[in-house]
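Notes follow the structure.
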């Protein structure tokens, strides 16, 4: 067993992702690629990145992805893409390797949860109650009309937890909001969605049961709710 002391200069660690012998770690001061022996190999972001980095699929053993990517979203709403093998910034993404989602909030974090990559798209819930989507290769907006905004759940509330992908039924992106509702939004057509009001704010991430085709999510009131896939 190896114990890694990141030291005070790298801040408090958040969640992590593992790819091969590399660990991608977000902290209160930045995001890093760390080797198995504890060596910090790369600095991916230099501002608070307390969400979990996401490593894109590497394909099959017979046909691996030659350039697997790791994505980091900072608390300030910047998404950075790097090569998951060596940690180098991928400048094909947004032209510089980093894309600003353009989230506007009064103060505090712009992003609280983790990002999620699915079918060459990146999805991120914002503290402005909007879901953002980017093309995972180019970093361009992948919402309606090329917008970075995929879905707007309404002003005055927040998406504190992470979004989840539910491949069952229509195929939807699922998230809870502090407006007391769980949203299930059709990935192919965000104008087609279901919002279910449970009377209590949500700050957690949904779990998807593909076998029973159901969504499970915990609310502030101390209850776990179960609803069918949309």
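Residue numbers (this note's numbering): 15 to 244.
Beta carbons: idealized from backbone N, C-alpha and C, even for Gly.
Note that the coordinates shown come from a computational prediction; the quantities given were computed from them, not determined experimentally.
Cβ-based neighbour list, residue i, same chain, cut-off 6 angstroms, excluding 5 preceding and 5 following
i	result
residue 101	47, 55 and 56
residue 112	92 and 94
residue 68	85, 129 and 131
residue 176	127, 128 and 219
residue 193	171
residue 33	69 and 98
residue 189	139, 173, 177 and 197
residue 211	194 and 195
Contact check, residue i vs residue j, beta carbons under 7 angstroms
i	j	result
residue 137	residue 173	no
residue 89	residue 50	no
residue 143	residue 171	yes
residue 197	residue 209	yes
residue 228	residue 215	no
residue 65	residue 44	no
residue 107	residue 153	yes
residue 162	residue 141	no
residue 139	residue 147	no
residue 121	residue 134	no
residue 165	residue 199	yes
residue 178	residue 222	yes
residue 191	residue 169	no
residue 217	residue 230	no
Residues bridged to residue i [DSSP beta-bridge criterion]
i	result
residue 166	144
residue 11	For residue 11 there is no data in the structure shown, the boundaries of the chain being 15 and 244.
residue 198	188 and 208
residue 54	48
residue 29	Beta-bridge pairing links residue 29 to no other residue.
residue 177	According to DSSP, which records beta bridges pairwise, residue 177 is partnered with nothing at all.
residue 41	27
residue 155	148
residue 223	228
residue 61	Residue 61 is not bridged to any residue.
residue 216	Note: residue 216 sits in no beta bridge, so no partner.
residue 35	The partner list for residue 35 (beta bridge, DSSP) is empty, contrary to what the question assumes.
residue 171	None; residue 171 has no bridge partner.
Chain-order list of residues whose beta-carbon lies under 7 angstroms from that of residue i (same chain, five-residue window excluded)
i	result
residue 81	97
residue 225	none
residue 114	91 and 92
residue 182	224, 227 and 243
residue 201	185, 186 and 187
residue 203	none
residue 232	218 and 238
residue 60	44
Neighbourhood of residue i by C-beta, 8 angstroms cutoff - its chain only, sequence neighbours within 5 removed
i	result
residue 28	39, 40, 41, 42, 63, 64, 65 and 66
residue 249	Summary: the structure shown does not reach residue 249, with the chain confined to residues 15 through 244, and so no result is reported for it.
residue 58	38, 44, 45, 46, 47, 67, 84, 86, 94, 96, 101 and 103
residue 213	194 and 235
residue 35	49 and 50
residue 116	91 and 162
Minimum length 3: unbroken beta strand (DSSP E) runs contained in the region 79-139: 83-87, 92-97, 112-114, 130-132 and 135-139
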